[in-house]
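The opening position of the sequence shown corresponds to residue 62 in this note's numbering, with each subsequent residue numbered one higher.
Beta carbons: idealized from backbone N, C-alpha and C, even for Gly.
Below is one structure, written out as structure tokens, with a few remarks after it.
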Amino acid sequence: MAWQRLPFLVFGFVALVVGVGAGLARLGWAVPAPAVDAAALHGPLMVCGFFGVVISLERAVAIGRPWAYAAPLLAALGSAAALHGAAPAAPWLYLGAGVLLLAASADVLRRQSEGFNVVIALAAGCWAWGTAAWALGTPVHGVLGWWLAFLVLTIAGERLELSRFMPPSVAATRLFAAVVLLLLAALAAWRWPLAQQALGAALLGLAAWLLRHDIARRTVRQRGLTRYIAVCLLAGYFWLGLGGAVILVAGLGPGGAAYDAALHALLLGFVFSMVFGHAPIIFPAVLRVAMPYHAAFYAPLVLLHASVALRAGAAAAGAFEARRWAAMLSALALLAFIATMASAVARGRSARRAG
């Protein structure tokens, strides 16, 4: 059963690779034709095509209901449509995936009515809402806030769940809820003055809350995989805060240097740092494979954060060529991450056969 889930991940990683190539094409790098053709779909492929598949697959595995697997299937079909001449169908397929992910999250919430499940369900709702707006004609930059909320709140909800091992006070929990409500209110009032600044304040506040209350503050003192995960988390929270600070000061108007810096601080520096940290746990759970820790896990992580720092500096200095190279370094970091995880799986299988 576990290996039957592999095709979903393959589709997700194809969307990731083509989406990364599409981003490089937008910056003038010579990339294969499929990536050039998908340049306008860079954002949807990354958010809906990759994260939509991975997050909905993880949820389907967690709840153990066969119908929930239709969500990653529809997300994979959305990417296939986008890349094979049926782009108008892609938003609707992604929307179907988002609605099913919301249904799966609601099913979990019905069975376990905890605050962290509320946050995770709200995250799924943000993906569905933003994708519905995109399907109905809103440009990608007009729904990007909802997609950011999908990713940020999914991660925040999962970290809130783990905070049970180091429970925050009632006041801290209420503060977390207030930050989430501010984030959602900012998106709902997006066309109003200061809504973008409110979003930035919410992201900055969430970063501060996570840095203060996440168990990673303690586990970073341990060794091996536990410390690696904590380093990924804490580094990611830094970029979440920086991205929020940039939006607070400069807004999130499309096309400018601040827009580029904020988006990539959030999506690369924060979200992908979370992916790097959680992959050694999620992939074994989904595929039932061993993925033993190795110090080489740090190499893609260091490259990723160096590339995000270079991109932020390039945006601040208006240095387009440095921005291009930062994007290439980010792409190499993601490829190195895939190779490192594949190598870990191979080592795990070899160790199992030897044992």
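Compare the C-alpha of residue i against each of the options and name the closest.
i, options, result
"F337", "G317, I399, G316", "I399"
"L301", "R235, T280, Y289, L328", "L328"
"G157", "V92, S117, E175", "S117"
"S230", "W270, L265, L242, V204", "W270"
"A99", "A370, A151, V115, A121", "A151"
"G261", "A165, L209, A96", "L209"
"R126", "A142, G104, A164", "A164"
"F331", "F358, F344, L303, A340", "L303"
"V180", "R410, T234, P353", "T234"
"T401", "L214, G317, A360, Q65", "A360"
"H103", "V115, A319, A185, V75", "V75"
"L212", "L236, A376, L183, A256", "L183"
"G82", "M389, R414, L245", "M389"
"R408", "A380, R385, A357, P353", "P353"
"G186", "L324, H202, T215, V369", "T215"
"L85", "S391, A357, E222", "S391"
Can residue i and residue j be called in contact, C-beta distance under 9 Å?
i, j, result
"A351", "R372", "no"
"W188", "G159", "yes"
"G113", "L162", "yes"
"A136", "C109", "yes"
"A322", "F299", "no"
"L106", "G146", "no"
"A239", "A247", "no"
"R282", "R288", "yes"
"S334", "H355", "no"
"A311", "L265", "no"
"V347", "V122", "yes"
"N178", "G218", "yes"
"R225", "L294", "no"
"I276", "I342", "no"
Specify, as a first and last residue, the run of the alpha helix (DSSP H) that residue i falls within.
i, result
"D275", "Here D275 belongs to no alpha helix (DSSP H), and DSSP marks it neither H nor E."
"C293", "285 to 311"
"T192", "176 to 196"
"H325", "318 to 325"
"P315", "Run containing P315: none; DSSP gives neither H nor E here."
"H366", "359 to 378"
"V115", "113 to 124"
Determine the DSSP secondary structure at residue i, reduced to helix, strand or coil.
i, result
"Q65", "helix"
"R349", "coil"
"Y130", "helix"
"P152", "helix"
"Y354", "coil"
"M227", "coil"
"V92", "coil"
"P200", "coil"
"R282", "coil"
"A147", "coil"
"A83", "helix"
"A99", "coil"
- Query: Can you list, in chain order, the stretches of the beta strand (DSSP E) that have 3 or more residues and sit fully within the region 240 to 277?
  - Reply: none
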